[in-house]
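Peer 1:
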Amino acid sequence: MKRSLLLLLGLTLLNGLTMAELSAAEPAYTARVIKVVDGDTLWVQKGKQTQRIRLAGIDAPELRQKYGEHARQSLSEMCLDQSAHIQPRTLGRRHPQPNLTLAAVRCHGQDVALSQLRHGMAWWSRQQARFQPAAEAQAFEIAESKAQFESLGLWGDESPLAPWEWRSQHPEATKAPVKPGKNAKIKGKVKKRLQP
Numbered sequence: 001m002k003r004s005l006l007l008l009l010g011l012t013l014l015n016g017l018t019m020a021e022l023s024a025a026e027p028a029y030t031a032r033v034i035k036v037v038d039g040d041t042l043w044v045q046k047g048k049q050t051q052r053i054r055l056a057g058i059d060a061p062e063l064r065q066k067y068g069e070h071a072r073q074s075l076s077e078m079c080l081d082q083s084a085h086i087q088p089r090t091l092g093r094r095h096p097q098p099n100l101t102l103a104a105v106r107c108h109g110q111d112v113a114l115s116q117l118r119h120g121m122a123w124w125s126r127q128q129a130r131f132q133p134a135a136e137a138q139a140f141e142i143a144e145s146k147a148q149f150e151s152l153g154l155w156g157d158e159s160p161l162a163p164w165e166w167r168s169q170h171p172e173a174t175k176a177p178v179k180p181g182k183n184a185k186i187k188g189k190v191k192k193r194l195q196p
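So in UniProt numbering, spot 194 of the sequence shown is number 194, and the numbers just go up one at a time.
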């Protein structure tokens, strides 16, 4: 009886915590970014181990989608061949895709997902907001709103299409880049401008 009560109490307490609070128990680590797949996915290497990382809290355009290549370029300039601080947000569970970890990533001390939002290179993933600390979710929402207001990156397009909508319309989606629209304002540290 006592054991059942303790189990029930433990489950009740566990249920009240958010994913972000629980994920703090997962060890953070430092690794080198060896490849940038797209605007929200990269590969890191620590020693001989490699891991594919999906940036927590954002969804960037697919490579074949408008601004997809810009988003990848932006992430590359922040992190490629750099040391990155990785904080998994998975609570020991793996992403449904093999060898993919959802994580907060910092390069040069900068939250790269937040930077992608600030430059208009991604959408804030409201589906993941419940897994973010409240202050982080608020910062992400503000960054996205400001980029929209200033028509930065993908927000310079007349009607930007969210990646999840694009994927549902293009289930065969491959990874060949598509050039962005004419009205794109690319602002920030993007060294090589891609021409429309």
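Beta carbons are placed, not taken as given, at the ideal position from N, Cα and C, and that holds for glycine.
Would Trp164 count as contacting chain D if we go by Cβ distances under 8 Å?
Peer 2: Absent from the structure: chain D. Only one protein chain is present.
Peer 1: Helix, strand or coil for Pro163? Go by DSSP, reduced to three states.
Peer 2: Reading the sequence shown from its first residue, position 163 is the one you call residue 163. In this structure, Pro163 counts as helix in the three-state DSSP scheme.
Peer 1: Could you give the DSSP three-state label for Ala104: helix, strand or coil?
Peer 2: Your numbering for residue 104 matches position 104 in the sequence shown. The answer is strand: DSSP assigns Ala104 an E or B state.
Peer 1: So what does DSSP say about Ala31, is it helix, strand or coil?
Peer 2: Taking the sequence shown and counting its residues from 1, one reaches residue 31 at position 31. Reduced to three states, the DSSP call for Ala31 is strand.
Peer 1: Beta-carbon within less than 7 Å of Ala139's beta-carbon, same chain only, minus the 5 sequence neighbours each way: which residues are those?
Peer 2: Reading the sequence shown from its first residue, position 139 is the one you call residue 139. The answer, listed in chain order, is Leu114.
Peer 1: Relative to the C-alpha of Ala56, which residue among Gln148, Ala137 and Pro171 is closest?
Peer 2: Counting from 1 along the sequence shown, the entry for residue 56 is found at position 56. Closest by alpha carbon: Ala137.
Peer 1: On the CB-based measure, 16 or more other CB atoms within 10 Å of its CB, does Ile53 come out buried or exposed?
Peer 2: Residue mapping note: residue 53 aligns to position 53 of the sequence shown, counting from 1. Classification of Ile53: buried, given that the 10 Å Cβ count is 16 or more.
Peer 1: Tell me whether Gln128 sits in a helix, a strand or coil according to DSSP, three-state version.
Peer 2: Counted from its first residue, the sequence shown places residue 128 at position 128. DSSP places Gln128 in helix when its eight states are reduced to three.
Peer 1: Helix, strand or coil: how does DSSP classify residue 208 here?
Peer 2: Residue 208 is absent from the model: the chain starts at 1 and stops at 196.
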